[in-house]
Amino acid sequence: MKVNRTLQKLINKAVQNSFNDSGVKSEVVKKYITAFKKLNLSESIQALTLYSRGLKRILEEHTLFIESAGEMTKQQLDGVKSLFSKNYKLYTINSQFNPSLLGGLKVKIGDSIFDYSIKGKIKQVKEVIAG
Amino acid sequence: MEQILEQFGVDPFLLAAQVVNFLVLLFILKKFMYAPFLKVLQQRRETIATSMKNAEEIEKKLAETEEEKEKALLLASQESKKIIDEAEKSAGEIVAQAHQKAQKDMEEILKKGVETLALEREKLQSQMREELSEIVSIALEKVISGGFDPKKQKELIDQTLKNLR
Numbered sequence: 019m020k021v022n023r024t025l026q027k028l029i030n031k032a033v034q035n036s037f038n039d040s041g042v043k044s045e046v047v048k049k050y051i052t053a054f055k056k057l058n059l060s061e062s063i064q065a066l067t068l069y070s071r072g073l074k075r076i077l078e079e080h081t082l083f084i085e086s087a088g089e090m091t092k093q094q095l096d097g098v099k100s101l102f103s104k105n106y107k108l109y110t111i112n113s114q115f116n117p118s119l120l121g122g123l124k125v126k127i128g129d130s131i132f133d134y135s136i137k138g139k140i141k142q143v144k145e146v147i148a149g
Numbered sequence: 052m053e054q055i056l057e058q059f060g061v062d063p064f065l066l067a068a069q070v071v072n073f074l075v076l077l078f079i080l081k082k083f084m085y086a087p088f089l090k091v092l093q094q095r096r097e098t099i100a101t102s103m104k105n106a107e108e109i110e111k112k113l114a115e116t117e118e119e120k121e122k123a124l125l126l127a128s129q130e131s132k133k134i135i136d137e138a139e140k141s142a143g144e145i146v147a148q149a150h151q152k153a154q155k156d157m158e159e160i161l162k163k164g165v166e167t168l169a170l171e172r173e174k175l176q177s178q179m180r181e182e183l184s185e186i187v188s189i190a191l192e193k194v195i196s197g198g199f200d201p202k203k204q205k206e207l208i209d210q211t212l213k214n215l216r
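Residue numbers (the working numbering), protein chains in the order written: chain A, 19 to 149; chain B, 52 to 216.
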């Protein structure tokens, strides 16, 4: 389906305006959704799809995914957050228990992955041996 | 004179007749015997002279032919010697070229063999490293899996955070 260039620009602007330094601006998002609903049906569907994709993309880019082999305490999670907030704008933190990591933790933000797990270390050892 | 003839018993008429007879005989012989005989002798002489001349010519031609044959043989001998020399030279060159080519081919084969061997060795080493890394990885995972209690897990995370600060 061909997207109207003006509509695309408008959606991109709407996505940018839907965030501030602390995260998603819910009121603004609601306002844009209401506005997009008022368009004709095909444009409305297109606009809402692209807008939700844009929001999801920005959210993923600014969400800190933490995987750990053991349960993390709040203090530890805050520690990770404070470490990464120095270099990245963080909106949300998503932590997950993953016993396959064997020990330590793995952090993902946007396209960057920081592997501090035992499994990651083993992988590094494996790569060194394999040359 | 007549007395002498009578003393010797010679009849002049008879003598004259005999002389005439002799002359007639001489004439007949000369006419019918000596002339053809001489003619035949002359012809024979001419034939012999012609034969001798022909023989000389033949001998001369034979000598010339012999000389030409000698020349031709000498020339042929020289040509054949030249051809043999050239053939020997060509054969030598061909052998040298073949030797060079064989040497080059052998070196090429040897080089390719060494390269192939090196590649195979590299491949084998790579495979061995790959398998070793896999074994080490599996062994480490087996050893470590379930080896950390929650307290140790917390310590590991704390240690990681401490290292990151």
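Backbone N, C-alpha and C define an ideal beta-carbon position, used for all residues, glycine too.
Only a predicted model underlies this, so the values are computations on that prediction, with no experimental measurement involved.
Three-state class that DSSP yields for A/L57 in the structure shown = Indexing the first sequence from 1 puts residue 57 of chain A at position 39. DSSP places A/L57 in coil when its eight states are reduced to three.
Which residues bound the beta strand (DSSP E) around B/S177?
-> As a position in the second sequence, residue 177 of chain B is number 126, starting the count at 1. Looking at the DSSP string, B/S177 is not in any beta strand (DSSP E); the run it does join, the alpha helix (DSSP H), is A86 to I195.
Candidates B/H150, B/Q178, B/I195 and B/Q154: which alpha carbon is nearest A/K137's?
-> Numbered from 1 along the first sequence, position 119 holds the residue referred to as residue 137 of chain A. Checked all of B/H150, B/Q178, B/I195 and B/Q154; the closest Cα to A/K137 is B/I195.
Where the region 166 to 181 of chain B meets chain A: residues whose CB sits under 8 Å from a CB there | S177, R180 and E181
Taking DSSP as the reference, what is the three-state secondary structure of B/V61?
-> The residue given as residue 61 of chain B occupies position 10 in the second sequence. Three-state DSSP puts B/V61 in coil, outside helix and strand.
Is there at least one Cβ from chain B nearer than 9 Å to A/L25's Cβ?
-> As a working mapping, residue 25 of chain A is identified with position 7 in the first sequence. Cβ-Cβ to chain B under 9 Å: no for A/L25.
B/Q178 versus A/K144 - alpha carbon distance = Working through the second sequence from its first residue, we reach residue 178 of chain B at position 127. Working through the first sequence from its first residue, we reach residue 144 of chain A at position 126. In a straight line, the C-alpha of B/Q178 is about 13 Å away from that of A/K144.
Cβ-based neighbour list, B/L56, same chain, cut-off 7 Å, excluding 5 preceding and 5 following | As a position in the second sequence, residue 56 of chain B is number 5, starting the count at 1. P63, listed in sequence order.
Going along chain A in order, which residues have a C-beta closer than 9 Å to the C-beta of B/L161?
-> As a position in the second sequence, residue 161 of chain B is number 110, starting the count at 1. Simply none; closest approach about 28 Å.
Collapsed DSSP secondary structure at A/E85 in the structure displayed | As a first step, residue 85 of chain A must be located in the first sequence, where it is residue number 67. The answer is strand: DSSP assigns A/E85 an E or B state.
Buried or exposed: which applies to B/E166, given that a residue is buried once 16 or more other Cβ atoms fall within 10 Å of its Cβ?
-> If you number the second sequence from 1, residue 166 of chain B lands on position 115. B/E166 is exposed by the Cβ-count criterion.
Following the continuous alpha helix (DSSP H) through A/F102, name the residue where it begins and the one where it ends.
-> Here residue 102 of chain A corresponds to residue number 84 of the first sequence, with the count starting at 1. From DSSP, the alpha helix (DSSP H) with A/F102 extends over K92 to S103.
Going by DSSP, which residues form a beta bridge with A/L123?
-> By one-based count along the first sequence, residue 123 of chain A stands at place 105. For A/L123, which the question treats as bridged, DSSP gives the partners A/S86.
Identify the contact partners of A/Y134 in chain B, using a Cβ-Cβ distance below 7 Å as the criterion.
-> Stepping through the first sequence from its first residue, residue 134 of chain A is reached at position 116. Within chain B, the residues near A/Y134 are T211.
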